[in-house]
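Here is the structure:
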């Protein structure tokens with residue numbers, strides 16, 4: 673952690689020119705970002721932008737933002753950095769609408785769980801601008817919770833969490849460096865990959881588990897309709913495996929729509945694995961079944977060995 | 673909880689005649705049972721039986737048993753109650769081998785995760801005995817952990833956990849009552865159901881999640897072989913959903929072999945749910961996808977609302 677701490681100090685100096693930050697959307701992620709940014713740079717001025725005054729007031733009360741507005745155009749007009757902490761489906765439309773109002777030279781990053789579709793569309797739009805320069809960087813912090821809302825925001829939400837930044841062909845090198853520095857400052861483990869690579873990988877590691885949890889809940893729920901005792905015997909395995917089925921429906925619909933190919937691929941491959949198990953269990957060959965359980969145990973150890981699991 | 677506590681006190685008096693208990697298999701479950709039984713009835717004498725002296729010594733050291741032996745026949749010979757805390761595949765063979773050595777009137781219960789095959793076979797065998805009376809009761813405490821071994825044993829493992837007891841046609845009423853009392857004493861939430869019902873229900877609520885976790889780990893593991901960065905971005909959802917893939921391979925092989933029909937059925941139905949999601953995501957209809965996520969959220973709330981989740 674020492675290396676990361678050193679980096680965080682060094683970078684804070686470089687980021688001095690980012691003084692005014694606007695965060696659009698002050699939910700769990702936007703609110704936690706406000707708290708974390710304030711912690712590493714108490715001098716920055718953060719404006720919260722949103723449609724719901726009560727939410728914005730709450731965000732100010734907990735110290736995630738310094739001031740707020742429901743006027744999106746005014747809210748971004750003097751920001752050096754605009755953070756888009758809104759559902760994936762809203763990002764492109766929002767950026768498009770706000771182009772005339774962003775300050776020249778403004779850096780914008782989103783925190784959506786899908787990257788290719790957003791990065792491509794925004795970069796295309798920005799590259800054709802002639803009246804000013806705007807810089808977009810795609811970011812996906814791999815932190816979150818089934819809990820939503822600014823009331824669950826935490827200043828350490830991103831600390832030691834992976835944060836994927838997805839530069840594309842047209843991404844400005846300087847803007848990329850500044851955004852990288854910010855996330856290093858927050859103590860995240862920054863990884864760079866292309867938007868396409870990102871979508872493919874998280875389709876398997878994050879989106880697939882969500883849909884599996886969704887299906888498991890529905891299957892057990894259908895059974896519970898016929899036998900109420902089921903509620904009484906649900907054990908830890910069910911609780912742990914379905915916790916993420918409690919996530920925000922809107923966000924996950926967006927993800928499925930915008931990362932369709934990777935999500936469908938991962939599900940189809942998953943069906944192959946389930947088929948294999950059905951076949952082996954139906955045949956009842958002890959050694960073959962046992963091998964599958966041992967294999968998974970070994971892989972899990974390998975995958976999670978380095979982490980704080 | 674007060675009602676349960678009152679019951680526990682009342683029952684302890686009734687169970688007085690159970691003085692000598694033998695536990696075959698002193699792993700997580702057997703060891704925890706020893707600790708818990710000692711706590712509610714410090715006067716009972718518990719003999720640990722197993723094949724591995726170091727394990728038995730460890731169980732004695734932590735106070736889960738009073739004495740131990742590797743001689744199974746001697747170990748059960750004067751027991752009022754014999755608890756079979758061994759893998760499902762060993763239970764029937766063990767009971768058969770020990771019939772000549774159980775004391776007349778001995779009550780025997782197992783703690784296996786599969787019930788129909790065991791209860792039927794053992795009760796068939798016991799009902800044809802003429803030289804003595806032996807009483808078998810099928811039990812499945814819904815507690816456990818991906819951690820195994822007596823070193824992880826806890827005296828409160830069964831407290832407030834569901835415990836399914838599975839009487840069948842030939843189950844002795846008195847023996848059933850005594851076994852029920854014991855589990856009430858331990859503070860478990862006792863449920864009665866037929867062995868067949870048990871196997872069907874836990875096939876869906878417990879065995880299905882295990883195989884799903886197994887397949888998820890293998891799918892992500894295969895991807896990690898091609899892209900090592902995957903290890904760095906695995907988040908909480910993956911960790912929570914795959915924790916149970918770390919369970920004992922032998923036990924889960926036994927379960928698949930002995931609850932084949934329910935497990936295969938639950939997997940086939942699960943595939944239908946996954947296929948539905950593939951179809952809906954492929955079609956990209958926002959409202960239909962959103963409905964699925966909202967539905968699961970609602971069902972999970974209903975299923976887990978009463979529990980200490």
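Residue numbers (my numbering), protein chains in the order written: chain A, 673 to 981; chain B, 673 to 981. Where is the CB? At the ideal position from N, CA and C, for every residue including glycine. As the structure is a prediction and not an experimental result, all values here were calculated from the model.
CA-to-CA distance, residue j to residue i, given in whole angstroms
| i | j | result |
| --- | --- | --- |
| residue 746 of chain B | residue 878 of chain B | 36 Å |
| residue 785 of chain A | residue 779 of chain A | 19 Å |
| residue 816 of chain A | residue 701 of chain A | 7 Å |
| residue 977 of chain B | residue 849 of chain A | 46 Å |
| residue 896 of chain A | residue 697 of chain A | 38 Å |
| residue 912 of chain B | residue 887 of chain B | 14 Å |
| residue 757 of chain A | residue 791 of chain B | 57 Å |
| residue 952 of chain B | residue 847 of chain A | 38 Å |
| residue 752 of chain A | residue 971 of chain A | 45 Å |
| residue 777 of chain A | residue 704 of chain A | 25 Å |
| residue 658 of chain B | residue 706 of chain B | In the structure as shown, chain B starts at 673 and stops at 981, and residue 658 of chain B therefore has no counterpart that could be examined. |
| residue 915 of chain A | residue 956 of chain B | 25 Å |
| residue 744 of chain B | residue 721 of chain B | 6 Å |
| residue 933 of chain A | residue 954 of chain B | 8 Å |
| residue 770 of chain A | residue 764 of chain A | 10 Å |
| residue 688 of chain A | residue 712 of chain A | Confidence at residue 688 of chain A is low in this model, with a pLDDT of 47, below 50, so its placement is unreliable and the value that follows should be read with caution. Looking at the two C-alpha atoms, the distance is approximately 11 Å. |
| residue 714 of chain B | residue 691 of chain B | 10 Å |
| residue 768 of chain A | residue 865 of chain A | 25 Å |
| residue 967 of chain A | residue 894 of chain B | 11 Å |
| residue 926 of chain A | residue 831 of chain B | 42 Å |
| residue 801 of chain B | residue 919 of chain B | 37 Å |
| residue 973 of chain B | residue 796 of chain A | 43 Å |
Contacts that residue i makes with chain A (C-beta to C-beta distance below 9 Å)
| i | result |
| --- | --- |
| residue 917 of chain B | 965, 968, 969, 971, 972 |
Supposed contact pair residue j and residue i - C-beta distance, whole angstroms, cut 8 Å
| i | j | result |
| --- | --- | --- |
| residue 731 of chain A | residue 822 of chain A | 5 Å |
| residue 742 of chain A | residue 729 of chain A | Between residue 729 of chain A and residue 742 of chain A the Cβ distance is about 11 Å, and since that is not below 8 Å, they are no contact. |
| residue 807 of chain B | residue 857 of chain B | Actually they do not touch by this definition, with Cβ atoms about 18 Å apart. |
| residue 908 of chain A | residue 820 of chain A | Actually they are not in contact, since the Cβ atoms of residue 908 of chain A and residue 820 of chain A sit about 24 Å apart, beyond 8 Å. |
| residue 871 of chain A | residue 787 of chain A | 6 Å |
| residue 876 of chain B | residue 891 of chain A | 7 Å |
| residue 736 of chain A | residue 825 of chain A | 6 Å |
Under 8 Å from the C-beta of residue i: neighbouring residues of chain A
| i | result |
| --- | --- |
| residue 719 of chain B | Correct list: empty, because the minimum Cβ distance to chain A is about 29 Å. |
| residue 901 of chain B | 863, 865, 873 |
Sequence-distant residues of the same chain with beta carbon closer than 7 Å to residue i, five excluded per side
| i | result |
| --- | --- |
| residue 924 of chain B | 882 |
| residue 852 of chain A | 837, 862 |
| residue 928 of chain A | 935 |
| residue 804 of chain A | 776 |
| residue 632 of chain B | Examination of residue 632 of chain B is not possible in this model, given that chain B is present from 673 through 981 alone. |
| residue 947 of chain B | none |
Listed by chain order, chain B residues near residue i by CB distance under 7 Å
| i | result |
| --- | --- |
| residue 861 of chain A | 904 |
| residue 958 of chain A | 925, 929 |
| residue 887 of chain A | 942, 945, 946, 949 |
| residue 895 of chain A | 876 |
Where the alpha helix (DSSP H) containing residue i begins and where it ends
| i | result |
| --- | --- |
| residue 716 of chain A | Careful: residue 716 of chain A lies outside any alpha helix (DSSP H) and carries neither H nor E. |
| residue 887 of chain B | 880-898 |
| residue 870 of chain B | 867-874 |
| residue 753 of chain A | Unbroken run through residue 753 of chain A is the beta strand (DSSP E), 753-756; no alpha helix (DSSP H). |
| residue 847 of chain B | 845-857 |
| residue 928 of chain A | 921-930 |
| residue 863 of chain A | Not the alpha helix (DSSP H): residue 863 of chain A falls in the beta strand (DSSP E), residues 861-864. |
Spatial neighbours of residue i in its chain, beta-carbon cut-off 8 Å, leaving aside the 5 residues before and after
| i | result |
| --- | --- |
| residue 963 of chain A | none |
| residue 833 of chain B | 813, 814, 815, 860, 861 |
| residue 942 of chain B | 880, 884 |
| residue 811 of chain B | 781, 782, 783, 835, 836, 837, 838, 851, 855 |
Endpoints, beta strand (DSSP E) assigned at residue i
| i | result |
| --- | --- |
| residue 726 of chain A | From DSSP, residue 726 of chain A is part of no beta strand (DSSP E) but of the alpha helix (DSSP H) over 725-733. |
| residue 741 of chain B | 739-741 |
| residue 698 of chain B | Run containing residue 698 of chain B: none; DSSP gives neither H nor E here. |
| residue 786 of chain B | Residue 786 of chain B -> no beta strand (DSSP E), and no H or E assigned at all. |
| residue 830 of chain A | Segment: none, residue 830 of chain A is in no beta strand (DSSP E) and carries neither H nor E. |
| residue 809 of chain B | 807-813 |
Partner residues on chain B for residue i, Cβ-Cβ distance less than 9 Å
| i | result |
| --- | --- |
| residue 891 of chain A | 876, 880, 938, 941, 942, 944, 945 |
Within chain B, the residues that residue i reaches when beta carbons sit closer than 8 Å
| i | result |
| --- | --- |
| residue 797 of chain A | Those do not exist, as residue 797 of chain A stays about 23 Å from chain B at its closest Cβ, beyond 8 Å. |
| residue 884 of chain A | 884, 888, 913, 946 |
| residue 962 of chain A | 921, 922, 925 |
| residue 935 of chain A | 953 |
Contacts around residue i, its chain only, beta-carbon distance under 6 Å, and the 5 residues preceding and following it disregarded
| i | result |
| --- | --- |
| residue 855 of chain A | 835, 862 |
| residue 719 of chain B | 694, 739, 747 |
| residue 917 of chain B | 885, 886, 889 |
| residue 798 of chain B | 806, 808 |
| residue 829 of chain A | 704, 815 |
Residue i: contacting residues in chain A (beta-carbon distance under 7 Å)
| i | result |
| --- | --- |
| residue 847 of chain B | Residues of chain A passing the Cβ test: none, with the nearest at roughly 23 Å. |
| residue 836 of chain B | 905 |
beta-carbon residue i near the ligand ATP non-hydrogen atom, thresh 7 Å
| i | result |
| --- | --- |
| residue 937 of chain B | Judged by which ligands are present, the structure shown has none, so any question about the ligand ATP falls away. |
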